[in-house]
Amino acid sequence: MKKFVLRQDSSALKPVNYNIDYVELLNTQQLEAVMFEKGAALVIAGAGTGKTRTLVYRVARLVESGVHPGSILLLTFTRRAANQMIERATSILDDRCKQIKGGTFHFYCSQLLHTYASEIGYPNDFTIIDTSDALEVIQYVRTKLGFHKKDKRFPNKNTLLSILSSLKNRNLDLRVAVSELYPQFVNQIDSIEKVFEHYEEYKHQNFVMDFDDLLMKSVQLLKQNEQVRTKVSVANQYVMVDEYQDTNKLQAELTQLLCSVHNNVMVVGDDAQSIYSFRGADHQNIMQFPELFSNPRIIKLEENYRSQPLILEAANSLLQQASFKFDKKLFSKKDTGELPALVRASSENEQSQFVAQAVLQLREQGIALNEIAVLFRNGRDSFDLEIELNRKNVPFVKYGGLKFTEAAHIKDVLAHIRVLVNPKDTLAWNRILMLIDGIGPKTAEDLFVWIQSAQNPYQLDSSEIVSKSYLKQIEALSKLLIYLNDNDLTVSETVEKLIEYYRVFCEKRYDDYPKRMKDLETFVGISSGFPSLPEMLRELALDPITISAVETEEKQHEEPPLVLSTIHSSKGLEWEHVFIIQCLDGIIPSAYSLEDEYQLDEELRLLYVATTRAKQMLYYSYPALAHSQYGDYFTKPSRFIDNLNEQVLEPWLLSHEQQLPEEEKDKYLTE
DNA sequence: GCAGCGAAAATATCT
DNA sequence: TTTTCGCTGC
Numbered sequence: 001m002k003k004f005v006l007r008q009d010s011s012a013l014k015p016v017n018y019n020i021d022y023v024e025l026l027n028t029q030q031l032e033a034v035m036f037e038k039g040a041a042l043v044i045a046g047a048g049t050g051k052t053r054t055l056v057y058r059v060a061r062l063v064e065s066g067v068h069p070g071s072i073l074l075l076t077f078t079r080r081a082a083n084q085m086i087e088r089a090t091s092i093l094d095d096r097c098k099q100i101k102g103g104t105f106h107f108y109c110s111q112l113l114h115t116y117a118s119e120i121g122y123p124n125d126f127t128i129i130d131t132s133d134a135l136e137v138i139q140y141v142r143t144k145l146g147f148h149k150k151d152k153r154f155p156n157k158n159t160l161l162s163i164l165s166s167l168k169n170r171n172l173d174l175r176v177a178v179s180e181l182y183p184q185f186v187n188q189i190d191s192i193e194k195v196f197e198h199y200e201e202y203k204h205q206n207f208v209m210d211f212d213d214l215l216m217k218s219v220q221l222l223k224q225n226e227q228v229r230t231k232v233s234v235a236n237q238y239v240m241v242d243e244y245q246d247t248n249k250l251q252a253e254l255t256q257l258l259c260s261v262h263n264n265v266m267v268v269g270d271d272a273q274s275i276y277s278f279r280g281a282d283h284q285n286i287m288q289f290p291e292l293f294s295n296p297r298i299i300k301l302e303e304n305y306r307s308q309p310l311i312l313e314a315a316n317s318l319l320q321q322a323s324f325k326f327d328k329k330l331f332s333k334k335d336t337g338e339l340p341a342l343v344r345a346s347s348e349n350e351q352s353q354f355v356a357q358a359v360l361q362l363r364e365q366g367i368a369l370n371e372i373a374v375l376f377r378n379g380r381d382s383f384d385l386e387i388e389l390n391r392k393n394v395p396f397v398k399y400g401g402l403k404f405t406e407a408a409h410i411k412d413v414l415a416h417i418r419v420l421v422n423p424k425d426t427l428a429w430n431r432i433l434m435l436i437d438g439i440g441p442k443t444a445e446d447l448f449v450w451i452q453s454a455q456n457p458y459q460l461d462s463s464e465i466v467s468k469s470y471l472k473q474i475e476a477l478s479k480l481l482i483y484l485n486d487n488d489l490t491v492s493e494t495v496e497k498l499i500e501y502y503r504v505f506c507e508k509r510y511d512d513y514p515k516r517m518k519d520l521e522t523f524v525g526i527s528s529g530f531p532s533l534p535e536m537l538r539e540l541a542l543d544p545i546t547i548s549a550v551e552t553e554e555k556q557h558e559e560p561p562l563v564l565s566t567i568h569s570s571k572g573l574e575w576e577h578v579f580i581i582q583c584l585d586g587i588i589p590s591a592y593s594l595e596d597e598y599q600l601d602e603e604l605r606l607l608y609v610a611t612t613r614a615k616q617m618l619y620y621s622y623p624a625l626a627h628s629q630y631g632d633y634f635t636k637p638s639r640f641i642d643n644l645n646e647q648v649l650e651p652w653l654l655s656h657e658q659q660l661p662e663e664e665k666d667k668y669l670t671e
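In the numbering used here, the protein residues as written are 1 to 671.
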């Protein structure tokens, strides 16, 4: 037998001359992560230890050493985070970094399935449905099966969807999930299972997928189809996952499948910052990483570069209150600043006034508004402040909270687009047909059955079916859809035509139609940013625009705005000054988490995350009283903050100006 | 089969 | 306060 010696590629041996001075710019541990070559690595990084920086430099370093940027996959928690990281890498190195693939798991899965879904029996041009659509389907199935009548105690649509979501994201058995989460429904498991079966079938027949499907079907695809798995894994030579503590079992499995060929994976996370268990995230994923990827390099980043030491002290003592301890203590070599403030306001509005005035003072001191953030537990916790900020003309953006695309009138218009993109989408058909007077659930369903069998799904004027009073309106709809389908209009032209058609329905259904029509006008502008209808639907499903984003867009402020954000959406971000408002027991921790120590711990971690966002100064504030949505109210400060002693926090006293200065007085008198 | 009315219930965080 | 369910009249 002959021997043939394969020599190592000489280019692999050549040392790379880096233009970037990584040794100078990074500490030892960061450098180790950045220079890490091949195989699996687990980076455990506390808050503010330069986790993002490390990832950014690693991708830049890989690209600089000749790795094709398109073969790097950066999975992050939000689209925003991925874009920011790619931007930073681009500014450190060069434009090659723009080709790096980045986004959320859901986004990546969406792209994957829009290429390969046909391999698992779905068309590639399926539509993604959001939570409210999913709930509607569940409700439809639930009613159709008659379970709503059989037993008053049958779980409602919200409960059903959350059970199903747990099954998928945590990879649980139905029986286990129900007996753990909802023991009261154990004896109805068979019926629940029926609902789930019908739900899955409905989605399959309508060519739609919900958020969980994106993950689950991707796993299924990659598991079943070796060819696709290999191809995909080869295409993603370097896989990186940020915020790994907030991934769930499905995402861990997906990570493994994506790396099946090369095993080049680096995950970064901090178990003390896990705040998404309500979505099935399991911070155990970090501990179990070595089981999934044999022999990973473990790198710990411990020195905090973000916050001044007194903020870290508050953060550390918060974490000590956890029922399940962390052996974690953040330290910093920064100069000591001021003690974090504890501000008690007499009312929610006084709290808003405090924040607004403090923000304005900081601005006067030369701190840019976008270096200041106000954080809160729930989207609605900032409503009062938003009014106050508007009154004082302080520009702001809000992350989290209500979504523009959730509003009924926007969903109505979007439903027409969905029908154009995917004529099998019953849900969307139902929505647009039921707008018409005289058409209810039954007629809509009959019409849909007929639509499916028709040659042209938009040709609705067959008088054998439609012979009632609403014939005229059906014809109008049909004409519109055929026109839009046959003519090659731009996205915003299509939206404009739809709004023209929708106007009458809007005026009839809503008292506040002028405002809604104005929203729709805004929507025309937004839609012009998308290249095609299907792409717009995908983008909006995975990255829905928040209402305030739309509003601030309109204002076109000349100054970078103040940031308002839910704590969940503040993940991974940082600001010089951070205000955490509504620190009341019942809000944070949420009143619904008080019974369960796991949930209570998560609320504590939430406050920990908020606290560690601050670099220079931190303010906790709470009003003496806050009303919940109905009836009850909260008056006690958050137990987490109450447990901190005065060496960690400094109470601030709010006092009102007694007398106005003379010139001010004149101003008030003349007005 | 549809629409409108009154009574009763009601978990937020996000993709 | 808002959403959801069930009933009634058309």
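Beta carbons are placed, not taken as given, at the ideal position from N, Cα and C, and that holds for glycine.
Contacts around L649, its chain only, beta-carbon distance under 8 Å, and the 5 residues preceding and following it disregarded: Result list for L649: A314, L339, P340, A341, L342, Y620, I641, in chain order.
Less than 8 Å between the beta carbons of I100 and V374, yes or no? For I100 and V374, no; Cβs fall outside 8 Å.
Below 8 Å on the Cβ atoms is my guess for V359 versus L564; work out the distance and round it to an integer in Å. About 11 Å; that fails the 8 Å criterion.
Just the C-alpha distance for Y18 and E64, rounded to the nearest angstrom, thanks. Whole-angstrom Cα-Cα distance: 7 Å.
Counting along the chain, where does the alpha helix (DSSP H) carrying T131 start and finish? Under the DSSP assignment, T131 falls in the alpha helix (DSSP H) whose first and last residues are 131 to 144.
Does DSSP put N248 in a helix, in a strand, or in coil? Reduced to three states, the DSSP call for N248 is strand.
As an exercise, report each continuous beta strand (DSSP E) stretch of at least 3 residues that is fully enclosed by the region 238 to 299, in chain order. The region 238 to 299 contains these whole beta strand (DSSP E) runs: 238 to 241, 265 to 269.
Assign S332 to one of two classes, buried (16 or more other C-beta atoms within 10 Å of its C-beta) or exposed (fewer than that). Under this definition S332 is a buried residue.
As assigned by DSSP and simplified to three states, the class of F4: F4 falls in the coil class under three-state DSSP.
List, from N- to C-terminal side, the alpha helix (DSSP H) runs of 4 residues or more that fit wholly inside the region 58 to 99. Those alpha helix (DSSP H) runs which fall completely within the region 58 to 99 and span 4+ residues are 79 to 92.
Minimum C-alpha distance to F107 - residue among P309, R79, Q647, D601: Checking every option, the nearest Cα to that of F107 belongs to R79.
Strictly by DSSP, which residues pair up with M209? I128, per the DSSP bridge assignment.
Close-in-space but distant-in-sequence residues of the same chain around T52 (CB under 7 Å, 5 per side omitted): Setting aside the 5 residues that flank it on each side, T52 is surrounded in the same chain by M85, G572, each with a C-beta closer than 7 Å to its C-beta; the list follows chain order.
Among the residues of its own chain, which have a CB less than 8 Å from the CB of L254, if the five just before and after it don't count? Only F105, C109, L215, S218, V219, L222 meet the Cβ criterion.
Could you round the C-beta distance between L385 and V355 to whole angstroms and report it? I think they count as a contact, below 8 Å. The pair is a contact, with the Cβ atoms about 6 Å apart (cut-off 8 Å).
Which runs of the alpha helix (DSSP H) at least 4 residues long sit entirely within the region 158 to 217? Give them in chain order. Uninterrupted alpha helix (DSSP H) stretches at least 4 residues long and entirely within the region 158 to 217 occur at 174 to 181, 189 to 205, given in chain order.
Segments of 3+ residues assigned as beta strand (DSSP E) that fall wholly inside the region 563 to 629: Whole beta strand (DSSP E) segments, 3+ residues: 575 to 580, 614 to 623.
Assess contact between the region 392 to 409 and the region 439 to 451, defined as three or more Cβ pairs (one per stretch) separated by less than 8 Å. Is contact present? No contact exists between the region 392 to 409 and the region 439 to 451.
Residue nearest to K325 in terms of C-alpha spacing, selected from G280, Q308, D271, S91: The option with the nearest alpha carbon to K325 is D271.
Coarse secondary structure for Y633, derived from DSSP in three states: Y633 falls in the strand class under three-state DSSP.
Hey, out of Q224, M209, D596, E303, whose CA is closest to K424's CA? Of the residues Q224, M209, D596, E303, the one whose Cα lies closest to the Cα of K424 is M209.
Between which residues of its own chain and R418 is the CB-CB distance below 7 Å, once the five residues before and five after are set aside? T127, D425, A428, L537, listed in sequence order.
Since E119 and V195 should fall inside the 8 Å C-beta cutoff, what is the C-beta to C-beta distance between them, to a whole number of angstroms? No, E119 and V195 are not in contact; Cβ-Cβ is about 28 Å, not under 8 Å.
Using 8 Å as the threshold, is the C-beta distance between L31 and V43 below it? Their beta carbons are not under 8 Å apart, which means L31 does not touch V43 by this criterion.
From S307, H627, I547, R503, pick the residue whose C-alpha is nearest to that of A47; which is it? Of the residues S307, H627, I547, R503, the one whose Cα lies closest to the Cα of A47 is S307.
Given a cut-off of 8 Å, decide if V239 and T247 are closer than it, judged by their beta-carbon atoms. Cβ atoms of T247 and V239: not closer than 8 Å.
Would D601 and A322 qualify as a contact pair, given that the criterion is a beta-carbon distance under 8 Å? Contact check for D601 against A322 passes: the beta carbons are separated by less than 8 Å.
Identify the continuous alpha helix (DSSP H) that holds I641 and give its terminal residues. Run containing I641: 639 to 642, per the alpha helix (DSSP H) assignment.
Relative to the C-alpha of H627, which candidate in F278, F211, S347 has its C-alpha closest? Among F278, F211, S347, the Cα nearest to that of H627 is on S347.
Could you check what DSSP says for L13 in three-state terms: helix, strand or coil? The predicted model places L13 with a pLDDT of 48, which falls under 50 and marks its position as unreliable; any figure quoted below should be read in that light. Judged by DSSP in its simplified three-state form, L13 adopts helix.
Proximity of D381 and I92 at Cβ, strictly below 8 Å: The Cβ atoms of D381 and I92 do not sit closer than 8 Å to each other.
Cβ shell of S532 (< 7 Å), same chain only, five flanking positions each side left out: If we look at S532 and ignore the five residues flanking it on each side, its Cβ neighbours are V491.
Tell me R344's beta-bridge partners as DSSP assigns them. Beta-bridge analysis with DSSP links R344 to Y622.
Examine the Cβ distances between the region 158 to 173 and the region 273 to 290 and report whether three or more of them are shorter than 8 Å. Because the criterion of three Cβ pairs below 8 Å is met, the region 158 to 173 and the region 273 to 290 touch.
Beta-carbon proximity check, I163 vs L181, cutoff 8 Å: Less than 8 Å divides the Cβ of I163 from the Cβ of L181.
Between which residues of its own chain and T90 is the CB-CB distance below 7 Å, once the five residues before and five after are set aside? Result list for T90: C97, K98, in chain order.
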